[in-house]
Amino acid sequence: MVLNEAKKSFEEKYKNTITHVDKRTKNYRELILRVVNIHTSNSQELKKAKYLLRDGLRTLFLYDFYYETQDKDYFISAWTSEEELYRKLSPEHKFRLIEVREKIMPFFYLEKKIWNKAKSREVISNEEFEEFWWRKASDALFYVEIMTPFTEGMDYGKPLHVYTQLVDVVLDIKEYEKDWSESLPNILYIKLSQLNGKIPNTLDGALKKIKDSHINKELLDIAKKRIEELSEFDFSNCQFLKDRIMEKYNSLQELLSWLKWM
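In this note's numbering, the protein residues as written are 893 to 1154.
Below, the structure written as structure tokens:
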């Protein structure tokens, strides 16, 4: 009876979690599938790409939840989801995807290291922080590899990585108060931890302190540097992707202009 109840609780938790992930990533999935649609209009191929991408997002989000909370239920769910994903791939595609996974998983450890430093108010060098930003949202490379068989070998890794980084940073700002209350990794909190005084628990307070210490300019400079790295990418067949990147950058710029919040 107890085992049945535990299984039911686990299944309910998994169902609620993936429902949350699917809802949260809806626009992101649609953007990536729009990129795929440039290369194929075959409905069966698009359907296959859609479900593989969904499964990939679920897998890495579950791993992320595990590293943030150390809740083993998330690890079990992530591992199960990952194995189901691999079963749907050719051996060659599975091998390439595992290679990408091995390259990006260290980010979860880096994030944990940086977050632990932030919580204990240890010094985080500018180099450490820039590496953290540069590797942030590395999961985008996993999703890009999932889509590779559907994009005729075109590599969208760099632009989708930059876009995903901007999405993550904008969300960190918008969800600052929630992350603060739940002690979840947040890029504003990480930067504020390096300043003297109390770390604000409100977004207005955090943005004021960020602006007063000129950290807003530092964050925008890093974002600009990442966008400049896309100067040689050919957006001629996907102008919409470039537009979305700049929209996210403009959103970041607006959020960090604290005076607009007064």
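Cβ atoms here follow ideal geometry from the backbone N, Cα and C, with glycine treated the same way.
>> Buried or exposed for PRO1077, going by 16 or more other Cβ atoms inside 10 Å?
In response: Buried, by the Cβ-count rule.
>> Under 8 Å, with one C-beta from each stretch per pair, do the region 957 to 969 and the region 978 to 991 reach the 3-pair mark?
In response: The answer is no - the region 978 to 991 does not touch the region 957 to 969, with fewer than three Cβ pairs under 8 Å.
>> Closer than 8 Å is the cut-off here; do at least three beta carbon pairs connect the region 1122 to 1134 with the region 1021 to 1038?
In response: With a cut-off of 8 Å on Cβ pairs, the region 1122 to 1134 is not in contact with the region 1021 to 1038, counting fewer than three such pairs.
> Rounded to a whole number of angstroms, what is the C-alpha to C-alpha distance between ARG993 and PHE953?
Replying inline: When rounded, the distance between both Cα atoms is 13 Å.
>> Let's test the definition: count the other Cβ atoms within 10 Å of the Cβ of PRO998 and tell me whether it reaches 16, buried, or not, exposed.
In response: With fewer than 16 Cβ atoms within 10 Å of its Cβ, PRO998 is classed as exposed.
> Where does TYR958 sit, in a helix, a strand or coil, going by DSSP?
Replying inline: Helix.
> DSSP three-state call for ASP1163: helix, strand or coil?
Replying inline: No answer is possible for residue 1163: it lies beyond the span of the chain, which begins at 893 and ends at 1154.
>> Using only the alpha-carbon positions, how far apart do TYR943 and SER1073 sit?
In response: If I take the Cα positions, the gap works out to 34 Å.
> Under three-state DSSP, which class holds LEU1087?
Replying inline: Here LEU1087 sits in coil by DSSP.
> Closest by CA to GLN1131, which one among GLY1089, LYS900, VAL913 and LEU923?
Replying inline: For the residues GLY1089, LYS900, VAL913 and LEU923, the minimum Cα distance to GLN1131 belongs to LEU923.
> Three-state secondary structure (DSSP) at GLY1045?
Replying inline: Three-state DSSP puts GLY1045 in coil, outside helix and strand.
>> Which same chain residues end up closer than 7 Å to ILE1065 when comparing Cβ atoms and leaving out the 5 residues on each side of it in sequence?
In response: So the qualifying residues of the chain are LEU1080 and LEU1147.
>> Using only the alpha-carbon positions, how far apart do LYS940 and LEU1087 sit?
In response: Approximately 48 Å, taken between the alpha carbons.
> Is it buried or exposed for GLN1057, if we count other Cβ within 10 angstroms and need 16 for buried?
Replying inline: Classification for GLN1057: buried.
>> Rounded to whole angstroms, what is the Cα-Cα separation between GLY1097 and TYR1048?
In response: For GLY1097 and TYR1048, the distance between alpha carbons rounds to 38 Å.
> Under the three-state reduction of DSSP, which class applies to ILE1137: helix, strand or coil?
Replying inline: In the structure shown, ILE1137 sits in a helix (DSSP, three-state: H, G or I).
> From THR951, SER969 and ARG916, pick the residue whose C-alpha is nearest to that of SER901; which is it?
Replying inline: The shortest C-alpha separation from SER901 is found at SER969.
> Cβ atoms of LYS1140 and VAL1059: under 8 Å apart, would you say?
Replying inline: In this structure, LYS1140 lies closer than 8 Å to VAL1059 by Cβ.
> Hey, out of LYS905, ASP1113, THR917 and THR1043, whose CA is closest to LEU1063's CA?
Replying inline: The candidate whose alpha carbon is nearest that of LEU1063 is THR917.
> What separation, rounded to the nearest whole angstrom, lies between the Cα atoms of MET1154 and ASP1113?
Replying inline: Because the pLDDT of MET1154 is 45, which lies under 50, any placement of that residue in the model is unreliable, and the number read from its coordinates should be weighed accordingly. MET1154 and ASP1113 have their C-alpha atoms some 24 Å from each other.
> Could you check where the alpha helix (DSSP H) with ASN919 kicks off and where it finishes?
Replying inline: Element bounds for ASN919: 918 to 931.
> Under a Cβ-count criterion, where at least 16 other Cβ atoms within 10 Å of its own Cβ denotes burial, should HIS912 be classed as buried or exposed?
Replying inline: With fewer than 16 Cβ atoms within 10 Å of its Cβ, HIS912 is classed as exposed.
> If you draw a straight line from the alpha carbon of ILE1107 to that of ARG979, how long is it in whole angstroms?
Replying inline: The C-alpha of ARG979 is placed about 46 Å away from the C-alpha of ILE1107.
>> Restricting to Cα atoms, I'd like to know which of PHE987, LEU977 and ASN1018 is closest to ILE1082.
In response: Nearest of PHE987, LEU977 and ASN1018 to ILE1082, Cα basis: ASN1018.
> Does the separation of the CB atoms of ILE1006 and GLU1022 fall below 8 Å?
Replying inline: Result no, Cβ atoms of ILE1006 and GLU1022 do not sit closer than 8 Å.
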